[in-house]
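**Student:** Protein chains in written order, with the working numbering: chain A, 527 to 672; chain B, 16 to 159. One structure follows; several queries about it will come next.
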């Protein structure tokens, strides 16, 4: 075998090494990225599946223009009450309408644990609502209808 | 070995080296290009599966007057392009007036976009669907 063939083989060998390392590096990086994304997706789906919210009571006080709702976290997911979204009669409620928001028996906290109940006072609400919906950060909902 | 033989071998050596280098260069370029494309595809796939939107209207109390109101919440973990959201009402592509609520400037996780649909919907069953640029979508069936 002459020098020309040997030189060509060496060049191919070096190129193959470079290509292999680049391709393998990219493969592992991509696999890691997709795996991380799938993990996040699974986590989110699992969290949503384990979230269950129940409206326990809703009442309207015409004298104070106040609408009070009690909602129980009857699932096993820990929620954040600062990330809740409310719809009264189909209209999204501005944060300024929330007069008071408490986890009953827990003092000042944003953490809404399983089996705990929150009480929300909306004011001013000028007429008795016919429908209410709460949406958690993960998209889980609780509905109430008159 | 004469000078002519040496020259021939030198020419063969140079030619083989040039051809091998060129071939290796082409292969390296092709593999590099494929690697970039695979990386882009993986990123876009990853973004897609970590994205999620939900139409959070109360299906029993969708506001229809003066305009029909829809609310779309970003429940995924990526910031999305809300302005290019595509909206379908009863299967037809419609134009809506979009605005981000709560003083948000981007459609980040937890943010809500309000969609105002001008024509009044008649009483009966309806379906609204939204689709983001990366293909993430949600649908809500409701009754008026």
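Cβ atoms here follow ideal geometry from the backbone N, Cα and C, with glycine treated the same way.
Looking at the unbroken beta strand (DSSP E) that takes in residue 509(A), where does it start and where does it end?
**Tutor:** Nothing about residue 509(A) can be reported from this structure: the residues present for chain A run from 527 to 672 only.
**Student:** Cα separation between residue 675(A) and residue 54(B)?
**Tutor:** In the structure as shown, chain A begins at 527 and stops at 672. Residue 675(A) is therefore absent and cannot be evaluated.
**Student:** May I have a chain-ordered list of the alpha helix (DSSP H) segments no shorter than 4 residues that lie completely inside the region 554-637 of chain A?
**Tutor:** Taking only runs of at least 4 residues, no alpha helix (DSSP H) segment lies wholly in the region 554-637 of chain A.
**Student:** Identify the contact partners of residue 599(A) in chain B, using a Cβ-Cβ distance below 8 Å as the criterion.
**Tutor:** Taking the first chain and counting its residues from 1, the one referred to as residue 599(A) is at position 73. Chain B residues near residue 599(A): none, gap ~17 Å exceeds 8 Å.
**Student:** Counting only runs of 3+ residues fully inside the region 29-77 of chain B, write out the beta strand (DSSP E) ranges in chain order.
**Tutor:** Counting only runs of 3 or more, we get 68-70.
**Student:** Cutting at 6 Å between CB atoms, please list the residues of its own chain near residue 25(B), excluding the five before and the five after it.
**Tutor:** Working through the second chain from its first residue, we reach residue 25(B) at position 10. If we look at residue 25(B) and ignore the five residues flanking it on each side, it has no Cβ neighbours.
**Student:** Inspect the beta-carbon positions of residue 88(B) and residue 64(B) and report whether they are closer than 9 Å.
**Tutor:** Indexing the second chain from 1 puts residue 88(B) at position 73. Indexing the second chain from 1 puts residue 64(B) at position 49. No, they are not a contact pair.
**Student:** Can you find a CB in chain A that lies within less than 9 Å of the CB of residue 56(B)?
**Tutor:** Counting from one through the second chain, the residue named residue 56(B) turns up at place 41. For residue 56(B), the answer is yes, since a Cβ of chain A falls inside 9 Å of its Cβ.
**Student:** Quick one: give me the first and last residue of the beta strand (DSSP E) that residue 654(A) is part of.
**Tutor:** As a working note, residue 654(A) is residue 128 in the first chain. First-last for residue 654(A): undefined, no H or E at that position.
**Student:** Whose Cβ in chain A lies nearer than 8 Å to the Cβ of residue 78(B)?
**Tutor:** As a first step, residue 78(B) must be located in the second chain, where it is residue number 63. Result: 615, 616, 617.
**Student:** If you follow the beta strand (DSSP E) that residue 112(B) is part of, which residue opens it and which one closes it?
**Tutor:** In the second chain, the residue the question calls residue 112(B) occupies position 97. Note, residue 112(B): beta strand (DSSP E), 112-115.
**Student:** What residues are listed by DSSP as bridge partners for residue 647(A)?
**Tutor:** Here residue 647(A) is taken as the residue at index 121 of the first chain, counted from 1. DSSP, once it has assigned bridges, lists 594(A), 626(A) as partnering residue 647(A).
**Student:** Report buried or exposed for residue 539(A), applying the criterion of at least 16 other Cβ atoms within 10 angstroms of its Cβ.
**Tutor:** As a first step, residue 539(A) must be located in the first chain, where it is residue number 13. Per the 10 Å Cβ criterion, exposed.
**Student:** In the structure shown, what three-state DSSP assignment does residue 668(A) receive?
**Tutor:** Within the first chain, the letter at position 142 stands for residue 668(A). If DSSP states are grouped into helix, strand and coil, residue 668(A) belongs with the strands.
**Student:** What does a CB cutoff of less than 7 Å around residue 159(B) pick up in its chain, not counting 5 residues either side in sequence?
**Tutor:** One-based indexing of the second chain puts residue 159(B) at position 144. Counting only Cβ-Cβ distances below 7 Å, and skipping sequence neighbours, we find 77, 79, 136, 138, 139, 141.
**Student:** When the Cα atoms are used, what is the spatial distance from residue 572(A) to residue 531(A)?
**Tutor:** In the first chain, the residue the question calls residue 572(A) occupies position 46. In the first chain, the residue the question calls residue 531(A) occupies position 5. Their backbone Cα atoms lie some 60 Å apart in a straight line.
**Student:** Check whether the region 646-655 of chain A and the region 631-638 of chain A touch, using three or more Cβ-Cβ pairs below 8 Å as the test.
**Tutor:** The region 646-655 of chain A is not in contact with the region 631-638 of chain A.
**Student:** Residues in the same chain with beta-carbon distance under 6 Å from residue 127(B), minus the five sequence neighbours each way, listed in chain order, please.
**Tutor:** Position 112 of the second chain, counted from the start, is the residue given in the question as residue 127(B). 86, 88, 116, listed in sequence order.
**Student:** Where do the N-terminal and C-terminal ends of the beta strand (DSSP E) with residue 119(B) fall, by residue?
**Tutor:** The residue given as residue 119(B) occupies position 104 in the second chain. Note, residue 119(B): premise wrong, no beta strand (DSSP E); not H, not E.
**Student:** Would you list the one or two residues that DSSP bridges to residue 18(B)?
**Tutor:** Stepping through the second chain from its first residue, residue 18(B) is reached at position 3. Per DSSP, none; premise fails for residue 18(B).
**Student:** So with Cβ pairs under 9 Å, would you call residue 586(A) a contact of chain B?
**Tutor:** Counting from one through the first chain, the residue named residue 586(A) turns up at place 60. By this cut-off, residue 586(A) is not an interface position.
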